[in-house]
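In the working numbering, the protein residues as written are 861 to 1001.
Down below is the structure, laid out as structure tokens.
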């Protein structure tokens, strides 16, 4: 019996506008698109998703009290080196990392998930350098 191997040579590019879209809805859409779960021949152990370009990351919406209540933490490795910043501070300093953090938390952990990280391109403004790939626009409902 011959097994079916999905055709992995189709790599689409998709542009998503993050302006006034809630962060969670945006992140779930992007994560499933990067994994390839929108495809009828989805296979969990093969990376066959799309490349996703996110524009207007500065204008992503955080509902409720998340701008001041959501806290991002990281540890420097030194004693007393726990650094914290709110979502408001993170959006002001580096808005692309806020979306990356939300999406990467929804991707698989391990070797395959780390390989999917390069399929996400986030830009704070409306311009992006990926016009040569002829990306299609994807509407967020």
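Just so you know, even glycine gets a beta-carbon here, dropped at the ideal spot from N, CA and C.
Residue burial classification, residue i (beta-carbon count within 10 angstroms, cutoff 16)
{"i": "residue 942", "result": "exposed"}
{"i": "residue 989", "result": "exposed"}
{"i": "residue 975", "result": "exposed"}
{"i": "residue 878", "result": "buried"}
{"i": "residue 906", "result": "exposed"}
{"i": "residue 891", "result": "buried"}
{"i": "residue 910", "result": "buried"}
Residue range of the beta strand (DSSP E) that includes residue i
{"i": "residue 943", "result": "942–946"}
{"i": "residue 967", "result": "Counting along the chain, residue 967 falls outside any beta strand (DSSP E), and DSSP gives it neither H nor E."}
{"i": "residue 981", "result": "980–982"}
{"i": "residue 877", "result": "873–877"}
Residue i - containing alpha helix (DSSP H), residue span
{"i": "residue 888", "result": "883–895"}
Best match in the options for proximity to residue i [C-alpha to C-alpha]
{"i": "residue 908", "options": "915, 914, 893, 921", "result": "893"}
{"i": "residue 979", "options": "901, 914, 898, 905", "result": "914"}
{"i": "residue 916", "options": "991, 993, 982", "result": "982"}
{"i": "residue 960", "options": "898, 985, 977", "result": "977"}
{"i": "residue 886", "options": "897, 962, 947, 899", "result": "962"}
{"i": "residue 956", "options": "935, 986, 899", "result": "986"}
For residue i, three-class secondary structure by DSSP
{"i": "residue 918", "result": "helix"}
{"i": "residue 899", "result": "coil"}
{"i": "residue 996", "result": "strand"}
{"i": "residue 933", "result": "strand"}
{"i": "residue 928", "result": "helix"}
Between the stretch 869–878 and the stretch 988–1001, do three or more beta carbon pairs fall short of 8 Å? yes
Does the contact criterion of 3 or more C-beta pairs under 8 Å hold for the stretch 928–937 versus the stretch 965–985? no
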